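Student: Letter by letter, the sequence shown follows residues 1 to 107 in the numbering used here.
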Amino acid sequence: FTLPPLPWESTALVPHISQETIEYHYGKHHTGYVTKLNEIAKQDSSIASSSLETLIKTKSGKVFNLAAQVWNHTFYWNSMSPNGGGLPSGKLMELIERDFGSYDSFK
Numbered sequence: 001f002t003l004p005p006l007p008w009e010s011t012a013l014v015p016h017i018s019q020e021t022i023e024y025h026y027g028k029h030h031t032g033y034v035t036k037l038n039e040i041a042k043q044d045s046s047i048a049s050s051s052l053e054t055l056i057k058t059k060s061g062k063v064f065n066l067a068a069q070v071w072n073h074t075f076y077w078n079s080m081s082p083n084g085g086g087l088p089s090g091k092l093m094e095l096i097e098r099d100f101g102s103y104d105s106f107k
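1. Could you pull the start and end residues of the alpha helix (DSSP H) that serine 36 belongs to?
2. Given a cut-off of 8 Å on the beta-carbon distance, is the pair valine 70 and leucine 37 in contact?
3. Roughly how many whole angstroms lie between the Cα atoms of glutamate 63 and aspartate 99?
4. Does the separation of the CB atoms of tyrosine 26 and leucine 6 fall below 8 Å?
5. Which of the three DSSP states is assigned to leucine 92 in this structure?
6. Hey, how far is the Cα of glutamate 9 from the Cα of leucine 95?
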């Protein structure tokens, strides 16, 4: 299992998320989950040859937790963008306007 690089610089989300927070969660937590999962995988080839998704679906306990944390952190980083935000569009905006009358009322 590998630690994927962040999709942006660690300063890219400032002021919303600090560089210190990004580096702590990526450099300590995410890295730690990958390292610990790899330690287990060295002892069990069935884990080493499985995808994160397979481990999440089929394992429990420590292996499940580590695989899920690696997957979750990767998803989290890729869900954010320094150029993100703005109004929703398409079907989501249609439903917000239908149910709330406007985006401002939704907020």
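Note that CB positions come from ideal geometry on N, CA and C, so glycine has one too. Computed from a predicted model, the values in this text were never measured in an experiment.
Tutor: The answer reads as follows:
1. This sequence places lysine at residue 36; serine is not what is there. 31–43 is the span of the alpha helix (DSSP H), which, as asked, contains lysine 36.
2. A contact, by the Cβ cut-off of 8 Å.
3. As written in the sequence, residue 63 is valine, which differs from the glutamate given in the question. Their Cα atoms are separated by approximately 42 Å.
4. Yes, these two residues count as a Cβ contact at 8 Å.
5. If DSSP states are grouped into helix, strand and coil, leucine 92 belongs with the helices.
6. Answer to the nearest angstrom: the Cα atoms are 34 Å apart.
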